[in-house]
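Q:
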Amino acid sequence: MQFRSPRCVATFLAGAAFVSTTFAQSTIYVDEGLTTGLNDGSSWADALQTDDGVRLALLQSVSGDQIFVKEGTYYPTTGTSRSLAFNLKTGVELYGGFVGTESDPSERLPLGDAPTILSADLNENDGLGTITDNSYHVVNGLNSNATAVLDGFTVTGGNANGGTNSDRGGGIICLGSTSPTIRNCHFLSNRCTFGGGAAYINGSPTFTDVIFEDNFGGSFGGAFDINGGTGIRFDRCTFIGNQASRAGALEIFNTNGAVVTNCVFRGNRATGGSGGGAVWVGSGGSTTFRNNTVVGNIANTHVAGGLVDAGSNVTVANCVFWDNQGSSGQNGVNQVSGTTVTYSLIEGGLAGVGNLSTDPEFVDLAGFDFRLASTSPAIDAGSNSQAQPGIDLDHDRTARIVDAPSVPDTGVGTGALIDMGAIEYSVGAPDTNCLTLPNSTFDIATLTATGSNRVVDNDLDLFAIGLPASEFGFYLMSRSTTNLPVASGFICLGSPQYRFANNIINSGAGGTLSFTPDLNNLPQMQVITPGETIYFQAWFRDGASANFTTTLCVEFE
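Going by our numbering, the first residue of the sequence shown is number 959, and it counts up by one from there.
1) What residue range is occupied by the uninterrupted alpha helix (DSSP H) comprising N1292?
2) Hey, how far is the Cα of Y1094 from the Cα of T1440?
3) Going by CA-CA distance only, name the one from N1103, A1504, I1075, I1376 that's closest to C1277.
4) In terms of residue numbering, what span does the beta strand (DSSP E) encompassing G1215 cover?
5) D1327: which of L1393, V1253, V1261 sits nearest, CA to CA?
6) Return the CA-CA distance between F1152 and G1175, expressed in angstroms with no decimal places.
7) I'd like to check one pair, E1029 with G1055: are the Cβ atoms closer than 9 Å?
8) Nearest by alpha-carbon distance to A1207: which of T1470, V1239, T1188 is it?
9) Please name the residue, chosen from G1234, V988, M1435, that lies closest to G1452 on a Cα-to-Cα basis.
10) Excluding the 5 residues flanking I1130 on each side, which residues of the same chain have their C-beta closer than 6 Å to its C-beta?
11) From N1292 to N1081, what does the alpha carbon distance come to, in whole angstroms?
12) Can you check DSSP and say which residues form a bridge with H1144?
13) Between which two residues does the alpha helix (DSSP H) holding V1096 run?
14) Give me the DSSP bridge partner(s) of P1443.
15) Helix, strand or coil, according to DSSP, for S1341 in the structure here?
16) From Q1484 to N1411, what distance separates their C-alpha atoms?
17) Does DSSP classify N1505 as helix, strand or coil?
18) Just to confirm the assignment, what range does the beta strand (DSSP E) spanning Q1455 have?
19) On the CB-based measure, 16 or more other CB atoms within 10 Å of its CB, does E1490 come out buried or exposed?
20) With H, G and I counted as helix, E and B as strand and the rest as coil, what does DSSP make of M1378?
21) Just the C-alpha distance for T980 and F1165, rounded to the nearest angstrom, thanks.
22) Go to Q1018, then tell me how far its beta strand (DSSP E) extends in each direction, as first and last residue.
23) On the three-state DSSP scale, how would you describe L1086?
24) Check whether the stretch 1382–1390 and the stretch 1353–1360 touch, using three or more Cβ-Cβ pairs below 8 Å as the test.
25) Do you know offhand how far D1062's Cα is from S1295's?
26) If we call anything under 9 Å between Cβ atoms a contact, is G1161 one with G1127?
27) Nearest to A1545 by alpha carbon, out of D989, D1010, T1074, T1408?
28) Taking all protein chains shown into account, decide if G1249 is buried (16 or more other Cβ within 10 angstroms of its Cβ) or exposed.
29) Taking its Cβ as the centre, do 16 or more other Cβ atoms sit within 10 Å of I1190, making it buried, or is it exposed?
30) Looking at the structure shown, is S1232 part of a helix, part of a strand, or coil, going by DSSP?
31) Can you give me the C-alpha to C-alpha distance between S1039 and T1122, rounded to a whole angstrom?
32) Is there at least one Cβ from chain B nearer than 9 Å to P1475's Cβ?
33) Buried or exposed, going by whether 16 or more other CB atoms sit within 10 Å of the CB of D1201?
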């Protein structure tokens, strides 16, 4: 039986953690809708008010500053110069997504609930179909390092159709040694004529929890054209509906140390003869491709609609390639071409250790829900040794390696085995409508579950990871949600709450709380009936205070 759960997710992203990379000397506030106050950026009441307020805030900022930007649309200039962009700065953290009352980025709503747009539509006429007067680039990295942060924005409308360097990177351009940190952003409908509709990179930036959607990359890389970069990283990113002649979503050219993990590629298209409906890698260099889900991408005139390795060193493991279409159909070679693949599920079959070819049994393929159903052969079928080091969360920000007790282990490793694909099997879905704050170890305590969502089976296993070591905690359940600050975190369960008071658990050396509730003996004589949605959360001691995990919702059958 397939498990179907409410997504409990109001946006594309699952509540990403806020971890400041610098010590903030001051905060500059921006609110383009404000009409009162001092207009000096010193507070929300006196925020910078114009629709180029983000540009002004960046100009006056110094290393160590944070810039908080209220929902609204902002432009890189009040004029019409297409060469101007939002220029990132080393040591300056730029945050969008505020409603105008918060004092910290961790208090923001999920991405998209307070849309904060960086737009290249200088004359505000994109709705009329005129984009030739848009900025070449929306954002420019300007040789900034990893302490330059862009977090919580929609980046849209860039049209890089000019001369050298103005013909690439419509959303963001990062030349030279540029290596900013990009998180929780949505690069939407950017264009270029050369390469990289969303981004052109030859530095080493990182992208985490970023969506790249409907970007057009001209010749190379519908979303990304990476040329000569080093150590660029993508984690928990989503590539949807991007298009270019070569590499519908992601081109990695002559680049060393690129890492792509926990990403989803769907509906991207390569229109030219070199293919790579989702990904094209070539001309030397090395790329690590781990635990990605690549579904429904197309190469119009090349054999490979999924991934093409054209003379590079690409290692592919623990991935799912399904329904990608090349010029000859949808067999194994249409999924991946030119490289060795191991411990991956590939439609049509492909030679390689641990590979599978059977239906991955997504929860809802037609609805783009690429979670694994309880009967999926991809569960516990990957290779732990091929898991990317330091990655403990999947695409949906739930625990990355969790054992499914009811599923036979077909992968390799000791202890719990990793799944194939971007999303680890979980009985339930994360609820990101409530805030979750980092704990004293600067990690987010994340809750996931395996087992069965059938009440009659009485086999639900809850796991919380990312807690401080050797701390005590316990689980709670509720039929509703809220969002209230308590101690060092937020309680997300509405009233009434039911505490499993007789099950106090120690997180141990690994910082994990494991718990199997007895559904036949619930707190306060509660009874779960099929069709009910129950929300779970764990409380834990956090040094001198206390904190909470993320919230998981389970629709019981």
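For each residue, glycine too, the CB sits at the ideal point set by N, CA and C. Predicted model only: the values in this text are computed from it and were never measured.
A: So, from the listed chains and residues:
1) As a position in the sequence shown, residue 1292 is number 334, starting the count at 1. N1292 -> alpha helix (DSSP H) spans 1290–1293.
2) Here the question's residue 1094 lines up with position 136 in the sequence shown. Here the question's residue 1440 lines up with position 482 in the sequence shown. The C-alpha of Y1094 lies about 43 Å from the C-alpha of T1440.
3) The count along the sequence shown starts at 1 and reaches residue 1277 at position 319. Considering only alpha carbons, the answer is I1376.
4) Stepping through the sequence shown from its first residue, residue 1215 is reached at position 257. Run containing G1215: 1208–1219, per the beta strand (DSSP E) assignment.
5) Counting from 1 along the sequence shown, the entry for residue 1327 is found at position 369. Check the Cα spacing between D1327 and each of L1393, V1253, V1261: the tightest is with V1253.
6) As a working note, residue 1152 is residue 194 in the sequence shown. As a working note, residue 1175 is residue 217 in the sequence shown. So the alpha carbons of these two residues sit roughly 7 Å apart.
7) Counted from its first residue, the sequence shown places residue 1055 at position 97. Counted from its first residue, the sequence shown places residue 1029 at position 71. For G1055 and E1029, yes; Cβs fall inside 9 Å.
8) Here residue 1207 refers to the residue found at position 249 when the sequence shown is read from its first residue. For A1207, the nearest C-alpha among the options comes from V1239.
9) Here the question's residue 1452 lines up with position 494 in the sequence shown. Residue M1435 is the option with its Cα nearest to G1452.
10) Along the sequence shown, read from residue 1 onward, the residue named residue 1130 stands at position 172. Result list for I1130: V1097, A1157, in chain order.
11) Along the sequence shown, read from residue 1 onward, the residue named residue 1292 stands at position 334. Along the sequence shown, read from residue 1 onward, the residue named residue 1081 stands at position 123. Near 43 Å, if we compare the C-alpha coordinates of N1081 and N1292.
12) As a working mapping, residue 1144 is identified with position 186 in the sequence shown. Beta-bridge pairing links H1144 to T1112, I1169.
13) Start at 1 with the first residue of the sequence shown, and residue 1096 comes out as number 138. Neither: V1096 is in no alpha helix (DSSP H) and is coded neither H nor E.
14) On the sequence shown, position 485 is the one that residue 1443 refers to. In the DSSP output, where bridge partners are listed per residue, P1443 has F1448.
15) For this step, residue 1341 is matched to residue 383 along the sequence shown. Here S1341 sits in strand by DSSP.
16) Counting from one through the sequence shown, the residue named residue 1484 turns up at place 526. Counting from one through the sequence shown, the residue named residue 1411 turns up at place 453. Taking the straight line from one Cα to the other gives about 17 Å.
17) Start at 1 with the first residue of the sequence shown, and residue 1505 comes out as number 547. Assignment of N1505 by DSSP, reduced to helix, strand and coil, places it in the strand class.
18) Sequence index remark: in the sequence shown, residue 1455 carries index 497 (1-based). Looking at the DSSP string, the run of the beta strand (DSSP E) that includes Q1455 is 1455–1457.
19) The sequence position of residue 1490 within the sequence shown is 532, counting from 1. Exposed, since its Cβ has fewer than 16 Cβ neighbours within 10 Å.
20) Residue 1378 sits at position 420 when you count from the first residue of the sequence shown. M1378 falls in the coil class under three-state DSSP.
21) What you label residue 980 is simply residue 22 of the sequence shown in a count that begins at 1. What you label residue 1165 is simply residue 207 of the sequence shown in a count that begins at 1. Confidence at T980 is low in this model, with a pLDDT of 42, below 50, so its placement is unreliable and the value that follows should be read with caution. If you take the alpha carbons of T980 and F1165, they lie about 18 Å apart.
22) Along the sequence shown, one-based indexing puts residue 1018 at 60. Note, Q1018: premise wrong, no beta strand (DSSP E); alpha helix (DSSP H) at 1011–1018.
23) Here residue 1086 is taken as the residue at index 128 of the sequence shown, counted from 1. DSSP places L1086 in the helix class (H, G or I) of the three-state scheme.
24) Contact between the stretch 1382–1390 and the stretch 1353–1360 is present, because at least three Cβ pairs lie under 8 Å.
25) The residue labelled residue 1062 in the question sits at position 104 within the sequence shown. The residue labelled residue 1295 in the question sits at position 337 within the sequence shown. Roughly 46 Å separates the two Cα atoms.
26) If you number the sequence shown from 1, residue 1161 lands on position 203. If you number the sequence shown from 1, residue 1127 lands on position 169. G1127 is positioned such that its CB atom lies no closer than 9 Å to that of G1161.
27) Here the chain comprises residues numbered 959 to 1515, so residue 1545 is not present and cannot be evaluated.
28) In the sequence shown, the residue the question calls residue 1249 occupies position 291. Sequence inspection shows Asn at residue 1249; the Gly mentioned does not correspond to that position. Classification for N1249: buried.
29) Numbered from 1 along the sequence shown, position 232 holds the residue referred to as residue 1190. Of the other Cβ atoms in all chains shown, 16 or more fall within 10 Å of the Cβ of I1190; this residue is therefore buried.
30) Translated into positions along the sequence shown, residue 1232 becomes position 274. Correct three-state label for S1232: coil.
31) Here the question's residue 1039 lines up with position 81 in the sequence shown. Here the question's residue 1122 lines up with position 164 in the sequence shown. Here the alpha carbons of T1122 and S1039 stand approximately 17 Å from one another.
32) Among the chains of the structure shown, chain B does not appear; only one protein chain is present.
33) In the sequence shown, counting from the first residue as 1, residue 1201 sits at position 243. It should be noted that the sequence gives Gln, not Asp, for residue 1201. Per the 10 Å Cβ criterion, buried.
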